[in-house]
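The block underneath contains the structure these notes are about, expressed in structure tokens.
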Amino acid sequence: MFSSLRKIQNPILKSVISAVTSFAIVTIVGSVVIDLAKSERNEKSVYKLGVYASLIGTAAGAVFGLIIPTDKTKTAKKTDQKQDTVTDKKVWQDWRNFVVTRKVKESEEITSFYLEPEDKEEIPNFKPGQFLTIKLDIPSQQRPVIRTYSLSDRNEPNQYYRLSIKRELAPKGLDVPPGIASNFMHDRIEEGSIIPAKPPNGKFYIDVNKSLPAVLISNGVGITPMIAMAKASSLLNPSKNVWFVHGARNGQYHAFRDEVLAIAQQNSQLKVHYRYSRPQPEDEGHYQSNGYVDATLIKDSILPEIKNIYGSTDAEYFLCGSPAFLTSLREGLAELGVLEERVFFESFSKGSSKVSEKKKTETKDTSEGKEVVFAQSGKTATWQSNDGTILEFAEDNGINPPNSCRAGICLTCMCRIEEGEIEYEEPPTGTPDEGTVLICIAKPKTEKVVLDI
Ligand SMILES: Cc1cc2nc3c(=O)[nH]c(=O)nc-3n(C[C@H](O)[C@H](O)[C@H](O)COP(=O)(O)OP(=O)(O)OC[C@H]3O[C@@H](n4cnc5c(N)ncnc54)[C@H](O)[C@@H]3O)c2cc1C
Ligand code: FES
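Numbering (my numbering), first residue to last: 377 to 829.
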């Protein structure tokens with residue numbers, strides 16, 4: 377009976393059940409005793425004694441129920457269940473408001489923004505390398521501007537998200553406006569500003585538990601996912617060998633120089649190589665080599681170190697940086713014999729898409745086209761197989777749907793498909809909502825496609 381009582385978690389319920397049980401036991405026992413002990417002379421006082429005994433027994437039972445300890449194994453199990461629920465609850469759907477709690481200048485052109493949830497509830501951790509999608513209401517823009525930014529910090533447990541954003545200037549020689557979102561973040565977003573964000577996402581991440589060494593190679597703002605990867609590796613699997621190779625113009629433009637060195641000071645398995653393309657005299661002693669980060673640097677400086685430790689040069693390579701940097705590294709690594717399946721990369725912008733280049737050189741497709749209806753814009757046009765993605769086709773027809781990554785990652789171009797079917801050039805990284813498509817990587821599949829653009 378005691379063990380059953382100990383399994384009850386609610387102390388009041390435990391006390392009531394204990395009191396009722398005591399009352400029943402004392403009353404039954406009391407009745408038997410009264411029956412045996414009563415006589416003509418003392419009948420009244422014996423009954424009185426019985427009532428008192430029942431009341432005292434009930435009170436004692438209630439107190440006993442309150443003080444008896446609860447079964448600990450059961451409590452622990454319950455707490456675990458509760459924690460599981462909390463973990464599930466941490467992931468949110470759609471948009472959640474975050475407060476900018478810190479704004480920190482990291483370099484000449486990169487500034488970090490620390491985001492904490494406005495609801496002060498827990499936030500989920502993320503796979504090191506993933507990004508956050510944010511939505512900005514910018515007064516000069518007709519609709520909210522959606523952009524994706526890699527999570528540039530990693531802690532256990534996670535209390536904030538950090539985004540580190542480069543101010544995008546207008547490209548030299550082009551009479552176009554500077555970057556909309558990045559300049560707004562730098563100039564208008566301050567501590568206390570509210571920014572809606574979607575949950576962390578992305579397929580570019582490191583599995584720190586893999587035994588293979590990892591080489592993290594970045595240039596410019598491509599350093600952001602690499603910091604999360606280096607930190608996660610040092611926190612969760614400190615014995616993993618990681619090389620952190622980063623290229624910057626010089627110290628002025630080099631964000632997180634000391635932060636990465638601080639991780640390496642804590643973890644000797646993290647080796648750092650900084651390469652400056654235009655070092656200044658004051659940078660002396662802060663970088664390891666001069667020039668651009670390329671496959672030759674990997675061949676001459678990193679592969680011998682990996683071979684020295686492992687006896688082989690087998691490693692995983694994570695690349696993030698400008699489109700030219702990515703092309704050069706991917707081609708260079710392939711020439712060094714690195715298997716394609718060992719190379720993971722992320723581009724922050726698509727650069728010149730292969731489809732666009734093809735469009736310029738190929739002659740016009742004469743095969744019968746497919747009808748694309750842009751319902752909101754009231755335009756219908758015939759798509760040919762060399763017209764590129766639906767996004768490019770829309771732009772060629774004077775329609776400018778919102779877009780950001782142009783690579784099926786960020787969901788900015790997601791739009792409702794009202795009729796017909798599309799096909800993707802490659803499976804999207806982001807998961808579009810039911811009944812919607814990512815037009816930046818989609819082409820019409822059926823004879824007619826109607827889109828809510
Ligand atoms: C997965 C992922 C992760 C990312 N992580 C980061 C990160 O950690 N940090 C970071 O800083 N960025 C990151 N980015 C890039 C980021 O999402 C934005 O693309 C970037 O901030 C530029 O956005 P913007 O609105 O400032 O510029 P936009 O307004 O999109 O303009 C981009 C550039 O185009 C130029 N431009 C404008 N109009 C024209 C025109 N007509 N013709 C030619 N050029 C034009 C602008 O001057 C600007 O230089 C990431 C992107 C992806 C996809
Ligand atoms: S623009 Fe990013 S998914 Fe299409």
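From the three backbone atoms N, C-alpha and C, an ideal C-beta is built for every residue, glycine too.
Separation of Thr788 from Pro575, as counted between CA atoms
14 Å
Any heavy atom of ligand 2 inside 6 Å of the beta-carbon of Ser723?
no
Report the option in Gln517, Ser540 and Arg519 whose CA atom is closest to the CA atom of Ser526.
Ser540
Ordered along the chain, which non-local residues of its own chain (more than five positions away) have a Cβ less than 8 Å from that of Glu802?
Once the five neighbours on either side are set aside, the close Cβ partners of Glu802 are Gly784 and Ile817.
Based on the DSSP output, what are the partners of His662 in its beta bridges?
DSSP output for His662 lists no bridge partner at all.
Can you list, in chain order, the residues of its chain with a C-beta nearer than 6 Å to that of Ile603? Leave out the 5 residues immediately preceding and following it.
Ser528 and Phe632
Counting Cβ pairs, one atom from each stretch, are 3 or more of them under 8 Å apart for the segment 553-564 and the segment 492-500?
no
DSSP on Leu646, reduced to helix/strand/coil?
Three-state result, Leu646: strand.
Contact the segment 650-657 vs the segment 682-700: 3+ CB pairs below 8 Å
no
Residue burial classification, Cys786 (beta-carbon count within 10 angstroms, cutoff 16)
buried
Is the segment 701-721 touching the segment 605-622, taking contact as three or more C-beta pairs under 8 Å?
no
Heavy atom of ligand 2 within 6 Å of Leu539 beta-carbon:
no
Where Tyr629 sits in the DSSP three-state scheme:
Correct three-state label for Tyr629: helix.
The beta strand (DSSP E) enclosing Leu709, as first and last residue numbers
No beta strand (DSSP E) contains Leu709, which is instead part of the alpha helix (DSSP H) from Pro699 to Glu711.
Measuring straight from C-alpha to C-alpha, what distance separates Lys644 and Leu491?
The question names Lys, but residue 644 in the sequence shown is Ser. Their backbone Cα atoms lie some 30 Å apart in a straight line.
Assigned exposure category for Pro601 - 16 Cβ within 10 Å defines buried:
buried
Using only the heavy atoms of ligand 2, determine whether one of them is closer than 6 Å to the beta carbon of Arg530.
no
Here's the rule I'm using: 16 or more other beta-carbon atoms within 10 Å means buried, otherwise exposed. How should Tyr428 be labelled?
exposed
What is the rounded straight-line gap between the Cα of Glu797 and the Cα of Pro804?
15 Å
Between Ile793 and Val825, how many whole angstroms is the CB-CB distance? I'm expecting something under 8 Å.
7 Å
Among Arg625, Ala590, Leu705 and Lys607, which residue has its Cα nearest to the Cα of Glu484?
Arg625
CA-to-CA distance, Lys511 to Ile815, given in whole angstroms:
Computed Cα separation, rounded: 19 Å.
Start and end residues, beta strand (DSSP E) containing Ser609:
Note, Ser609: premise wrong, no beta strand (DSSP E); alpha helix (DSSP H) at Ile599 to Leu612.
Cβ-Cβ distance between Asp828 and Ala751 below 7 Å:
yes
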